[in-house]
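Quick notes on the structure that follows.
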Amino acid sequence: MLTQCVVVRNRIQSPSNHFCVLIPWFALWPFCGVSDLIGVPRRIRKEEITGLFGAASNVVSSDAMLVAAIRSGDEQAMTQVYDRYSQIVYSVALRVLGDTAAAEDILQEVFMRLWRSPDAFDASRGSLPGWLAVITRNRAIDSLRKRREETDIAEVVVSIEPDLTNRTEWSRALEKIHSALASMPSPQRSALEMAFFEGLTHTEIAARTGEPLGTIKTRIRAGLLTLRKALNP
Amino acid sequence: MSVHEQFADNLSLYALGALRGEERQAIETHLKECSACRQELQKLRGDLALLAFSASGPRPPARSQGRLVAAITKEPRRVHLRQRSRRTWWNALGWAAALVAIAIGVSLRLENSALRRRVAELETSSSKQDQQLLEAKQLLAALSSPDAAHFTLVAGKTPPQPQGKAIYVRDSGTLVFLASNLPAIPPKKAYELWLIPTSGAAIPAGLFKPDTRGAAAIIHPPLPTGVEAKAFAITVEPEAGSSAPTSQPIMVGTRS
Chain W
133 MLTQCVVVRN
143 RIQSPSNHFC
153 VLIPWFALWP
163 FCGVSDLIGV
173 PRRIRKEEIT
183 GLFGAASNVV
193 SSDAMLVAAI
203 RSGDEQAMTQ
213 VYDRYSQIVY
223 SVALRVLGDT
233 AAAEDILQEV
243 FMRLWRSPDA
253 FDASRGSLPG
263 WLAVITRNRA
273 IDSLRKRREE
283 TDIAEVVVSI
293 EPDLTNRTEW
303 SRALEKIHSA
313 LASMPSPQRS
323 ALEMAFFEGL
333 THTEIAARTG
343 EPLGTIKTRI
353 RAGLLTLRKA
363 LNP
Chain P
6 MSVHEQFADN
16 LSLYALGALR
26 GEERQAIETH
36 LKECSACRQE
46 LQKLRGDLAL
56 LAFSASGPRP
66 PARSQGRLVA
76 AITKEPRRVH
86 LRQRSRRTWW
96 NALGWAAALV
106 AIAIGVSLRL
116 ENSALRRRVA
126 ELETSSSKQD
136 QQLLEAKQLL
146 AALSSPDAAH
156 FTLVAGKTPP
166 QPQGKAIYVR
176 DSGTLVFLAS
186 NLPAIPPKKA
196 YELWLIPTSG
206 AAIPAGLFKP
216 DTRGAAAIIH
226 PPLPTGVEAK
236 AFAITVEPEA
246 GSSAPTSQPI
256 MVGTRS
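Going down the list, the protein sequences come from chains W and P.
Just so you know, we're using the numbering used here here: the first sequence kicks off at 133 and counts up by one.
Just so you know, we're using the numbering used here here: the second sequence kicks off at 6 and counts up by one.
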């Protein structure tokens with residue numbers, strides 16, 4: 133227990149602001165539970181136990197742990213999150229903007245926002261890659277449409293089931309998403325993609341396709357539910 | 006699904022940020038009071054994230070990471086005030102707890118060595134007492150042991166007479182009685198020793214049967230304390246004993 137706590141803390145936090153390493157181990161052992169709580173808020177403990185990326189949970193930190201470390205100013209943790217999710221963020225930005233320089237700007241902006249206000253992401257309620265993907269899309273659309281941000285990122289809670297906690301689950305989920313999109317009727321798929329990647333409103337889509345507004349609305353919702361079902365059959 | 010159907014389509018449009026004006030306001034008002042729809046909104050955003058994941062493109066260029074790291078280094082995260090104070094508080098608590106633990110440890114250690122000393126003392130005194138007790142037991146055993154050799158010393162050529170000797174301590178009610186050369190006792194009978202107080206009835210002081218040599222001993226029978234004895238007497242009684250003498254004494258002895 134003690135070993136685990138010290139290892140975890142040293143890895144994701146700068147030891148200087150942690151009393152664990154400063155006082156003798158024998159004075160500490162009864163309080164290990166308390167020391168666990170110092171940097172890592174109570175609400176993410178479950179995920180710590182579950183661990184990210186499978187069995188080697190003492191080697192790889194969970195997203196929640198990384199965000200907690202970022203909250204305490206750990207630059208190393210920030211780099212780890214970047215390694216993990218920069219490709220998703222960049223891909224989404226590039227897909228929306230179609231321009232690498234603009235996509236790089238959005239990438240920089242999104243990660244800087246995580247760095248500046250990690251509290252905006254609530255690990256107990258949502259998925260970090262999901263949150264990053266959604267706010268990236270929103271920022272990219274805002275930038276595309278030259279408008280100001282509409283939704284507070286702290287209010288964006290993105291819940292994905294099941295939790296995509298390891299690489300295998302990830303690639304399996306990606307396969308399912310691609311095949312769900314491929315098997316979707318093409319008007320439904322393009323309505324979905326126009327709404328999401330181009331940021332068109334249902335009214336704009338209806339005008340572009342010449343179809344009734346209600347049909348577009350229904351297609352969008354049905355398309356989203358199809359994706360959800362693809363992961364939770 | 007427990008989501009309000011009238012909001013269902015608009016909820017996905019809201020998640021996409023496509024709602025404007027009144028429609029948008031209506032849904033925001035509804036979301037404030039409907040947790041089922043709030044949950045559904047989170048799930049719809051999850052669905053949008055899945056759609057976003059489908060954009061799987063290339064990794065960002067390597068320079069992007071350098072740019073981010075440079076920006077982060079230039080802008081050390083200001084630790085949230087609440088966070089910092091909570092941390093300090095936890096830190097203080099941790100230190101306080103550690104100090105208390107150390108104090109408790111020290112006091113336990115002191116108490117422990119005091120107790121050890123006390124135990125050692127008690128052990129010494131207890132072993133002394135054990136020794137004394139053992140000696141006393143051996144002494145008492147010698148008095149009543151059938152293996153003990155008895156010698157009756159008399160003056161001149163007087164043949165050995167039946168004889169009894171009672172040693173009595175009034176205040177503690179302690180009695181040692183030794184007899185020798187007693188005549189054999191008839192079957193189903195026993196001798197009974199009596200304490201005759203200066204006033205009142207005789208008090209039974211023990212039943213006994215002499216051995217083949219006519220010897221007997223009574224060591225510390227149950228007696229009341231503080232009774233002044235005028236004399237001791239022996240009677241022949243039924244084997245079970247009597248609470249008061251039922252025959253004339255065969256031997257009587259007054260205080261010498």
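Glycine is no exception: its CB is placed at the ideal position from the N, C-alpha and C atoms.
### Task
Taking C-beta pairs closer than 9 Å, name the residues in chain P that residue 213 of chain W reaches, listed in chain order.
Near residue 213 of chain W there are no residues of chain P at all, since even the closest Cβ is about 10 Å away, more than 9 Å.
### Message
Strictly below 8 Å CB to CB, what residues from chain W border residue 31 of chain P?
### Response
Neighbours of residue 31 of chain P on chain W: none; closest Cβ ~15 Å, over 8 Å.
### Query
So which of P:15, P:50 and P:48 has the shortest CA-CA distance to residue 33 of chain P?
P:15
### Query
DSSP state of residue 105 of chain P, grouped into three classes?
helix
### Query
Is it true that the CB of residue 259 of chain W sits closer than 8 Å to the CB of residue 303 of chain W?
no
#### Entry: Straight-line Cα distance separating residue 318 of chain W from residue 5 of chain P
No information on residue 5 of chain P is available, as it lies outside the stretch 6 to 261 that chain P covers here.
### Query
For residue 211 of chain P, which option in P:231, P:233, P:243 and P:218 has the closest C-alpha, if you only look at C-alpha atoms?
P:243
### Query
Roughly how many whole angstroms lie between the Cα atoms of residue 174 of chain W and residue 338 of chain W?
The predicted model places residue 174 of chain W with a pLDDT of 38, which falls under 50 and marks its position as unreliable; any figure quoted below should be read in that light. The straight-line gap from Cα to Cα measures roughly 47 Å.
### Task
Measure the CB-CB distance between residue 52 of chain P and residue 313 of chain W and report whether it falls below 8 Å.
no
### residue 157 of chain P to residue 165 of chain P span [Cα, whole Å]
7 Å
### Task
Inspect the beta-carbon positions of residue 222 of chain P and residue 202 of chain P and report whether they are closer than 8 Å.
no
### Message
Can you determine whether any heavy atom of the ligand GTP sits closer than 7 Å to the C-beta of residue 26 of chain P, and answer yes or no?
### Response
This structure simply doesn't include the ligand GTP, nor any ligand for that matter.
### Task
At 8 Å on the CB atoms, spell out the chain P contacts of residue 217 of chain W, in chain order.
In chain order: nothing, as chain P lies at least about 11 Å away.
### Query
Assuming residue 239 of chain W and residue 222 of chain W make a contact with CB atoms under 8 Å, what is their CB distance in whole Å?
5 Å
### Query
Hey, which unbroken runs of the alpha helix (DSSP H) at 4 residues or more fall wholly within the segment 156–228 of chain P?
none
### Message
Which same chain residues end up closer than 6 Å to residue 187 of chain P when comparing Cβ atoms and leaving out the 5 residues on each side of it in sequence?
### Response
167, 215 and 219
### Task
Flag this pair as yes or no: are the beta carbons of residue 209 of chain P and residue 258 of chain P separated by less than 8 Å?
no
### Query
Got a sec: which bits of the segment 36–51 of chain P sit with their beta carbon under 9 Å from any beta carbon on chain W, in order along the chain?
43, 44, 46, 47, 48, 49, 50 and 51
### Within-8 Å CB hit, residue 85 of chain P to chain W
Because residue 85 of chain P carries a pLDDT of 49, less than 50, the predicted location of this residue cannot be relied on, and the following value inherits that uncertainty. Yes, residue 85 of chain P lies at the interface with chain W (some Cβ there is under 8 Å from its Cβ).
### Message
Tell me which residues of the segment 104–115 of chain P have at least one Cβ-Cβ distance to chain W shorter than 9 Å, keeping chain order.
### Response
104, 106, 107 and 110
### Message
By alpha-carbon positions, which one of P:119, P:138 and P:150 ends up nearest to residue 184 of chain P?
### Response
P:150
### Query
Looking at C-alpha atoms only, which residue of W:323, W:327 and W:217 is the closest neighbour of residue 261 of chain W?
W:217
### Query
Ends of the alpha helix (DSSP H) at residue 209 of chain W?
207–229
#### Entry: Residues of the segment 250–269 of chain W whose Cβ lies closer than 9 Å to any Cβ of chain P, in chain order
250, 251, 257, 258, 259, 261, 262, 263, 264, 265, 266, 268 and 269
### Message
Count Cβ pairs between the segment 262–274 of chain W and the segment 227–236 of chain W that sit closer than 8 Å; are there 3 or more?
### Response
yes
### Query
With a cut-off of 8 Å, do at least 3 Cβ pairs link the segment 27–44 of chain P to the segment 337–357 of chain W?
no
### Task
Helix, strand or coil for residue 361 of chain W, going by three-state DSSP, please let me know.
helix
### Query
Would you report the Cα separation of residue 50 of chain P and residue 105 of chain P, rounded to the nearest angstrom?
50 Å
### Query
Does the beta-carbon distance from residue 351 of chain W to residue 323 of chain W come in below 8 Å?
yes
### Query
Looking only at its own chain, which residues have a Cβ that is under 8 Å from the Cβ of residue 145 of chain P, when we skip the five neighbours before and after it?
224 and 225
### Query
Under the three-state reduction of DSSP, which class applies to residue 253 of chain W: helix, strand or coil?
coil
### Test item: CB-CB of residue 263 of chain W and residue 288 of chain W under 8 Å
yes
### Query
Going straight from the alpha carbon of residue 251 of chain W to that of residue 346 of chain W, what length do you get?
38 Å
### Query
My guess is that residue 68 of chain P and residue 219 of chain W are in contact by the Cβ rule of under 8 Å, so how many angstroms apart are they, rounded?
Wrong, their Cβ atoms sit about 15 Å apart, outside the cutoff.
### Task
For residue 256 of chain P, I'd like the list of residues in its chain whose CB is within less than 6 Å of its CB, leaving aside the five on either flank, ordered along the chain.
169 and 239
### Query
Using the rule of at least 16 other Cβ atoms within 10 Å of the residue's Cβ for burial, across every protein chain shown, is residue 215 of chain W buried or exposed?
exposed
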